[in-house]
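Trainee: One structure is given below, represented as structure tokens, and several questions about it will come after.
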Amino acid sequence: MEHHLDADMPAIHTICKDLAVRTACLVDQQNYEALVQLFTPDASLVRPGGEPLVGRAQILASYQSKPKERLTRHFVTNSVVYEADLHSARMTSYVLLWSAAADSPLEAFGRKADARQVAGQFDDYLVRTEEGWRIAQRSASFQMYRE
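This is the structure:
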């Protein structure tokens, strides 16, 4: 039976976009063990201003070194999937990052966010593996901020 790429493209796009959102949610939940499972075992990740992290162990160690008292919310939007086929895809997503201190008072509207808001992006290369679609390469960068 012949496989028709056009019929698979909407599903591939949905899965890839879901990966971008899932990674952000897992970072915000500080569930780093689950986060690294969304990357290939030999994945490369470059965090903003950082050196390349290679492999799940380095990625996990980097996230675990973040202060636990720092709360974050990553708003992922404008994800565009391109150069996609049945085995791989490239994607760019915009990210708006808000943060707050966990020990700040919880008020009626939540905790007061830090003054700095950061806009950035994820540039991802995703591959289909035996585990499903995973991130093989991610470059995260900041583009602008407001204080």
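Numbering follows the UniProt record's numbering, in which position 1 of the sequence shown is assigned residue number 1; successive positions increment by one, without gaps. Built from N, CA and C at the ideal position, the CB exists for glycine as well.
(1) Among Met144, Tyr125, Lys112 and Ala101, which has the Cα closest to the Cα of Ala43?
(2) Does DSSP put Glu107 in a helix, in a strand, or in coil?
(3) Go ahead and pull the three-state DSSP assignment for His13.
(4) Is the CB of Asp124 under 8 Å away from at least one CB in chain C?
(5) In the DSSP assignment, find the unbroken beta strand (DSSP E) run with Ser79 in it and report its ends.
(6) Let me know if Leu26 comes out buried or exposed under the rule of 16 or more other beta-carbons within 10 Å of its beta-carbon.
(7) Could you tell me the alpha carbon to alpha carbon distance between Arg56 and Leu96, rounded to whole angstroms?
(8) State the Cα-Cα distance for the pair Arg116 and Met144, rounded to the nearest angstrom.
(9) Counting pairs of Cβ atoms below 8 Å between the region 56-73 and the region 118-134, do you hit three or more?
(10) Sorted by chain position, which residues of the same chain lie with C-beta nearer than 8 Å to Ala20's C-beta, five sequence neighbours on each side aside?
(11) I need the boundaries of the beta strand (DSSP E) containing Ala101, first residue and last residue.
(12) Where does the unbroken beta strand (DSSP E) through Gln137 begin, and where does it stop?
Mentor: On the basis of the coordinates in this document:
(1) Tyr125
(2) strand
(3) helix
(4) In the structure shown, chain C cannot be found, because there is only a single protein chain.
(5) Arg70 to Tyr82
(6) buried
(7) 25 Å
(8) 10 Å
(9) no
(10) Val76, Ser79, Met91, Ser93, Phe122 and Asp124
(11) Ser88 to Ala101
(12) Gly132 to Arg146
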